[in-house]
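>
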Amino acid sequence: MKSRYLIAFVLGFASTSHGALLDDWSNDDLCGWMESAATPEYIQKEVLKREIICYGGVEVSSLPDDKLVTSGVGTTFPSPDPSLIPVTTNDKDKSYSY
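The sequence shown runs -19 to -1, 1 to 79 under mature numbering (1 follows the signal peptide of the UniProt record, and there is no 0).
1. Alpha carbon to alpha carbon, how far is L29 from T20?
2. Is the beta carbon of L44 sitting closer than 8 Å to the one on E27?
3. How is the alpha helix (DSSP H) around E27 delimited, first residue to last?
4. Please return the same chain residues whose Cβ sits closer than 7 Å to the Cβ of G13, not counting the five positions on each side in sequence.
5. Can you tell me which of Y23, M15, N71 puts its alpha carbon nearest to the alpha carbon of Y36?
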């Protein structure tokens, strides 16, 4: 008789779970992970599945106009500050060349 209760007890814990891993996560929780340098692939897939737009670690309805980072041909980058670009000089007067 005790063995029947033991078997029923063990089978009760061995039953399968029908809930998904990220069902109880909020969209802001997922967006917080999207700010990480190494976002797990299953979180990236969940964000795509839910069609979430993340900005600054939280869900937003649209990206700010000044922060659009893609164009029709790919990712766009801001122009560098001209003062940071080194000035090249003419080396024709040197007796050696590389």
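Where a beta carbon is used, it is the ideal one built from N, C-alpha and C, also for glycine.
Per the coordinate set shown:
1. 13 Å
2. no
3. 22 to 31
4. G38
5. M15
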